[in-house]
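In my numbering, the protein residues as written are 9 to 376.
Glycine included, every Cβ here is placed at the ideal spot set by N, Cα and C.
Read the structure below first, then the notes.
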Ligand SMILES: *Cc1c(COP(=O)(O)O)cnc(C)c1O
């Protein structure tokens, strides 16, 4: 026993230890059965009935590998969004696509620009690739194009932009997006994450499609998670052929399982269901925003399927933690925002009409 030297154990790359593990929205209430989950921006109308029906034949095919190219799903996206099929790639959630982009285009010494309240996966994939996240400050909770351009250095390789952004819900319009792209060197990859595109109402919004079509350094990333298929993990990307080729070399050959391919294809083609989700969301997003906005609660204008409510400080009014406790007491789970550096805010997903009325009642009762 004497003089035993501890063995040297496996050590990860140093930047991996910079990562704070992603904490998903709470999904149960201490074993209680009756609760309303408004913490993960899921569809309040469930999944497309056509997507559910598409899964019927699955059990007879469990022994076969899925199509490694997800052809039928890409064909559906190509038809519905009028995009060249060869420039589409499917990921196991858009999270996988973000990881692939970082692995392929970022390494030690490189920098990726992330906005102040940008999606938490961006620093995770950046650090995971060994690169350094550089933050560009927002201006009053809105992405500031000049701050992003000002953060560019000789080491910048990538810019992550969620538009609309999660968790703020705010967006930059088509002109600002084009100005951002125009200000970047052609060797910097602009990742436009349009995860909430299906929910946008603003007429001056651009999903990023045209920018991809007319340049070699922009990709548009999308997801099925917010439109009723979060369980199946499906994301997709439209990008220049050269970038699609790179990601296809790196990804798992069978990264999209058969249930995701079957249900995803049916969901894309069920445009009517997507429109129904959009209409429900637009109605209740506006209703809840107007209902709870007051001197004590600031509601940011949202283009997503959630709103961000900003509370006063502990002295002047209701704090976010008090509001959260009251909501939990009523069986309602929303998302606390400490991990995003917004401890005075709560993100509330747009749910059923009944859920929205309950939220409004609790919050109005607190500030009255
Ligand atoms: C929810 C969300 C995603 C989707 O991630 P998935 O892996 O497809 O579930 C991507 N980007 C943003 C900004 C999001 O809010």
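- In this chain, the beta strand (DSSP E) harbouring residue 99 covers 96-99.
- For residue 138, the three-state secondary structure derived from DSSP is coil.
- As DSSP reads the structure, residue 123 sits in a beta bridge with 144.
- Here the alpha carbon of residue 85 sits roughly 28 angstroms from the alpha carbon of residue 360.
- Here the distance from the Cβ of residue 102 to the nearest heavy atom of ligand 1 is below 7 angstroms.
- In this structure the stretch 276-291 does not lie against the stretch 250-268, because fewer than three pairs of beta carbons, one per stretch, are closer than 8 angstroms.
- Set against 7 angstroms, the gap from the CB of residue 262 to the closest heavy atom of ligand 1 is not smaller.
- Of the heavy atoms belonging to ligand 1, at least one sits nearer than 7 angstroms to the Cβ of residue 238.
- Contact check between the stretch 220-240 and the stretch 327-346: fewer than three CB pairs, one atom from each, fall below 8 angstroms, which does not count as touching.
- The residue among 192, 244 and 196 with its C-alpha nearest the C-alpha of residue 217 is 244.
- By alpha-carbon distance to residue 306, the top candidate from 318, 48 and 200 is 318.
- In terms of Cβ geometry, residue 117 and residue 137 do not form a close pair [threshold 8 angstroms].
- As computed with DSSP, residue 314 is found in a beta bridge with 357.
- Distance from the Cα of residue 54 is smallest, within the candidate group 194, 127, 240 and 31, for 240.
- When the Cα atoms are used, residue 290 and residue 150 turn out to be separated by approximately 20 angstroms.
- DSSP places residue 232 in the coil class of the three-state scheme, outside both helix and strand.
- Remark: fewer than three beta-carbon pairs, one from each stretch, lie closer than 8 angstroms, so the stretch 102-109 and the stretch 151-164 are not flagged as touching.
- Excluding residues up to 5 positions away in sequence, 44 lie with their Cβ nearer than 6 angstroms to the Cβ of residue 363 in the same chain.
- The residue among 208, 205, 171 and 277 with its C-alpha nearest the C-alpha of residue 61 is 277.
- Residue 129 counts as buried, since at least 16 other C-beta atoms from the protein chains shown sit within 10 angstroms of its C-beta.
- A contact is defined here as three or more CB-CB pairs under 8 angstroms, and the stretch 203-213 fails this definition with respect to the stretch 253-262.
- For residue 127, the Cβ falls inside the 7 angstroms cut-off from some heavy atom of ligand 1.
- When rounded, the separation of the alpha-carbon atoms in residue 77 and residue 97 is 8 angstroms.
- In the DSSP secondary-structure assignment, residue 319 is bridged to 305.
- Placement of the Cβ of residue 59 at a distance of 7 angstroms or more from every heavy atom of ligand 1 is found.
- Relative to ligand 1, residue 243 has its C-beta within less than 7 angstroms of a heavy atom.
- Assigned with DSSP and collapsed to three states, residue 183 falls in helix.
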